[in-house]
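First comes the structure, then the notes that go with it.
There are 2 protein chains.
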Amino acid sequence: MDSATAREQALDAAESLFYGRGIQSVGMDDIRGASGVSLKRLYQLFPAKEHLVEAYLERRDVRWRGRLAEYVERQPDPERRILAVFDWLEEWFGEADFRGCAWINSYGELGARSERVAEQVRAHKRAFRDYLASLVAGAGLPDALTGPLYLLAEGAMVTAGITGGTRPATEAREAARSLVAAR
Amino acid sequence: MDSATAREQALDAAESLFYGRGIQSVGMDDIRGASGVSLKRLYQLFPAKEHLVEAYLERRDVRWRGRLAEYVERQPDPERRILAVFDWLEEWFGEADFRGCAWINSYGELGARSERVAEQVRAHKRAFRDYLASLVAGAGLPDALTGPLYLLAEGAMVTAGITGGTRPATEAREAARSLVAAR
DNA sequence: CATGCTGGAGAACGCACGTTCTCCCCTGCT
DNA sequence: AGCAGGGGAGAACGTGCGTTCTCCAGCATG
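Chains Z and Y supply the protein sequences, listed in that same order. Position in the first sequence counted from 1, then plus 3, gives you our numbering. Position in the second sequence counted from 1, then plus 3, gives you our numbering.
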């Protein structure tokens with residue numbers, strides 16, 4: 004097995020375990036068991052657990068925002084694109100392994116201890132907010148709409164993580180529709 | 004020192020340490036050092052760390068909702084009471100030791116591992132949402148407003164926790180005002 | 001004074017886990 | 001065949017920490 008695929012398998016295992024059970028309750032030995040990559044190799048690829056955590060968050064960030072953008076951009080009407088964000092949230096919340104926002108959870112777990120993780124979370128949230136801002140601008144709507152829409156989306160994510168279910172997404176979409184309609 | 008004050012001092016130390024640094028990174032020995040309550044006594048009062056964590060969350064829940072209600076009820080106009088919730092959030096976010104919502108953070112840290120903690124978080128959020136619902140009803144507004152207001156508040160809490168600052172509260176208040184105005 | 005109880009200080013224990021080390025097999029080269 | 005090197009399995013090591021235990025000082029009681 005070459006390095007590149009070992010790295011991918013390690014990250015696959017890390018993502019499913021870290022996201023599903025939390026970071027601190029997953030040991031490097033669990034990663035080895037789930038990935039089939041030996042400890043020796045794991046430590047060659049990631050010199051410490053924290054590096055693996057960062058690589059996990061980074062790869063998930065790219066994929067998460069990619070999936071969102073891909074979904075949203077199937078919608079040609081620029082104003083409806085904004086609401087499509089909430090449709091996508093609803094789909095996400097409904098996935099069987101959904102367990103909340105990985106960054107919010109990681110921040111609760113490690114934000115106070117690891118400045119690197121805290122900064123990755125801030126960067127992810129900044130990127131998401133900027134993306135919303137670009138959709139608002141693309142629809143010709145006032146920039147002041149971005150903040151409220153962002154807060155609705157964050158509230159939906161944290162609530163869906165805690166209580167489960169897709170209802171937070173539909174509530175957020177209706178509120179977003181109302182805000183957009185009110186200009 | 005009698006049991007009751009030892010218990011209070013232990014909980015004071017637990018609250019400031021757990022909230023400020025996260026639960027898992029605070030050891031029982033740190034609690035002892037900060038509270039002056041010996042390990043032996045700590046374990047008499049709380050048979051395991053998890054009990055202390057639960058007592059911390061429970062006492063904080065009572066106090067947090069008490070402070071909120073006290074602030075809100077100073078406002079006589081029932082519609083303005085709803086906005087007062089966001090004013091109070093702004094004050095809270097501005098406190099020097101503010102580090103996000105204790106329950107959201109605890110959920111990220113322990114939600115996947117401790118069903119007791121997860122249930123306490125859900126109960127706290129349910130109580131907060133029910134309180135918002137009572138304000139909405141008290142103002143004679145449609146119940147459908149509760150969900151969006153709740154999501155705005157949650158989004159503001161999580162965002163203020165991650166990025167710091169009071170701006171999420173003002174953004175949420177403006178959005179709330181707009182939703183209330185639109186009926 | 002002797003005796004027994006309470007509670008504090010902190011050592012000790014056990015375990016989990018991040019990280020490193022040892023041993024050995026396998027493979028490819030000469 | 002002989003051998004060097006990479007990689008796997010898993011033991012070993014060090015540390016942190018939850019929990020318990022030991023020891024002793026202080027104090028109330030006969």
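For glycine and all other residues, C-beta sits at the position ideal for the given N, C-alpha and C.
6 Å Cβ shell around residue i - same chain, five flanking residues per side excluded
i: Y:Leu42; result: Arg35
i: Z:Ala163; result: Phe96 and Pro171
i: Z:Ala147; result: none
i: Y:Leu138; result: Arg84 and Ile85
i: Y:Gln123; result: Leu60
i: Y:Trp91; result: Leu71 and Tyr74
i: Z:Ser117; result: none
i: Y:Thr169; result: Glu93, Phe96 and Gly97
i: Y:Leu182; result: Pro151
i: Z:Ala175; result: Phe89, Leu155 and Ala159
i: Y:Ala121; result: Gly114
7 Å CB neighbourhood of residue i in its chain, flanking five on each side removed
i: Z:Ala17; result: Ile34, Leu55 and Tyr59
i: Z:Gln78; result: Arg84 and Ala87
i: Z:Ala3; result: The structure shown does not extend to residue 3 of chain Z, since chain Z is modelled only from 4 through 186, so no value can be given for it.
i: Y:Gln12; result: Ser38, Gly39 and Val40
i: Y:Tyr22; result: Arg102 and Ala105
i: Y:Arg44; result: Ala9
i: Z:His127; result: Asp64 and Trp106
i: Z:Val29; result: Leu20 and Phe21
First through last residue of the alpha helix (DSSP H) which encompasses residue i
i: Y:Ile34; result: Met31 to Ser38
i: Z:Ala72; result: Lys52 to Val75
i: Z:Leu144; result: Here Z:Leu144 belongs to no alpha helix (DSSP H), and DSSP marks it neither H nor E.
i: Z:Asp15; result: Ser6 to Arg24
i: Y:Ala87; result: Pro81 to Phe96
i: Z:Arg44; result: Leu42 to Leu48
i: Y:Thr173; result: Arg170 to Ala184
i: Z:Ser109; result: Ala105 to Leu113
i: Y:Ala156; result: Thr149 to Thr166
Close-in-space but distant-in-sequence residues of the same chain around residue i (CB under 8 Å, 5 per side omitted)
i: Y:Ile26; result: Val56, Ser109, Glu112 and Leu113
i: Z:Arg119; result: Glu53 and Glu57
i: Y:Tyr134; result: Arg68, Leu71 and Ala72
i: Z:Gly141; result: Pro81 and Arg84
i: Z:Thr149; result: Arg132, Leu135, Ala136 and Val139
i: Z:Ser19; result: Ala37 and Asp100
i: Y:Arg62; result: Leu14 and Glu18
i: Y:Asp32; result: Leu42
i: Y:Ala191; result: Within the shown structure, residues of chain Y are numbered from 4 to 186, placing residue 191 of chain Y beyond reach of any answer.
i: Y:Val161; result: Gly103, Cys104 and Ile107
i: Y:Arg125; result: none
i: Y:Phe49; result: Ala13, Leu55 and Ala58
Closer than 7 Å: residue i CB and nearest the ligand NAP heavy atom
i: Y:Glu93; result: Absence of the ligand NAP is noted for the structure shown, with no ligands found whatsoever.
**Item:** Residues, ordered as in the chain, of the region 90-112 of chain Y that lie near chain Z by beta-carbon distance below 9 Å
**Value:** Arg102, Gly103, Cys104, Trp106, Ile107, Asn108, Ser109, Tyr110, Gly111 and Glu112
**Request:** Mind checking the region 113-143 of chain Y against chain Z and listing, in chain order, the residues whose C-beta falls within less than 7 Å of any C-beta there?
**Result:** Listed in sequence order: Ala115, Arg116, Val124, Arg125 and Lys128.
**Message:** Residues of the region 21-42 of chain Y in Cβ contact with chain Z at a cutoff of 8 Å, in chain order, please.
**Reply:** Gly23, Arg24, Gly25, Gln27 and Ser28
**Asked** Of all the residues that make up the region 43-68 of chain Z, which are near chain Y by a beta-carbon distance shorter than 7 Å?
**Response** none
**Request:** Select from the region 152-167 of chain Y all residues with a C-beta closer than 9 Å to any C-beta belonging to chain Z, and list them in chain order.
**Result:** Leu152, Tyr153, Leu154, Leu155, Ala156, Glu157, Gly158, Ala159, Met160, Val161, Thr162, Gly164, Ile165 and Thr166
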